[in-house]
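So the sequence shown is residues -22 to -1, 1 to 158, counted in mature numbering (1 follows the signal peptide of the UniProt record, and there is no 0).
Glycine included, C-beta positions come from ideal geometry on N, C-alpha and C.
The structure displayed is predicted, hence computed values, not measured ones.
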Amino acid sequence: MKKLKRLAAVLLVGIMALALFTACSDSDPGNPEFDAKVESAYLDALNNTFGTSFENDADIKRLAIEHIEEKHGADSLTGETLWKTKGDEKTVVRQVQLCFDTKSSKPDAFVPLFYEAAAAQTITANRLNVQALLNTVKDERGGAEKHGITLELTALGVGAKTIGGKTYVAIGFELTNTTP
């Protein structure tokens, strides 16, 4: 009888631990359909602003989602942490910007922008974030040109990820050194 009670107690503790781990896990399934709508809206806005017709670049999308996963819980980000860069910076560079709420942000305290699927009727890309990305590309290309380097815009991309019911978005570009 004593062994049976002990076995029951151990089983109960195991079940409770399993329930606790399941409830506290960070495996948010997200909202893939909504994420795709957000990505499409932002890619359309990027292509319109840049005068291009790029598809969503897989490498930039991966970098964008990685950046979202790293920064999504922050109350605000600095100008440095708003961006993530990858590439050798000699032949190719990919850079993504976590989109920020232009109304709530202050200079050097950028509040991450998010959408909620239940509350969003339509998705409109944040014009100021898209413009900020365009200005960054212009600055990068202009700075390189001063040093005799030609950088070509070779890709645009968007990553969106729903975490905890909030869909965050990051937009980015790829520049390739085409100097002969």
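Setting aside the 5 residues that flank it on each side, L21 is surrounded in the same chain by N34, V136, each with a C-beta closer than 6 Å to its C-beta; the list follows chain order. Residue state for F28 is assigned as helix, using DSSP reduced to three classes.
Restricting attention to C77, T63, L131, the CA atom closest to the CA of A52 is found in C77. If you compare the alpha carbons of L131, K144, V74 with that of T154, the shortest gap goes to L131.
D13 counts as buried, since no fewer than 16 other beta carbons sit within 10 angstroms of its beta carbon. Nearest neighbour of V108 by Cα position, chosen from L129, T80, E67, turns out to be T80.
Between the segment 83 to 101 and the segment 53 to 68, the count of Cβ pairs shorter than 8 Å is three or higher; the stretches touch. In the displayed model, V70 falls within a strand according to three-state DSSP. Under the DSSP definition of a beta bridge, I141 partners with K144. Between N25 and T140 a beta carbon distance of about 23 Å is seen, past the 8 Å cut, so the two are scored as non-contacting.
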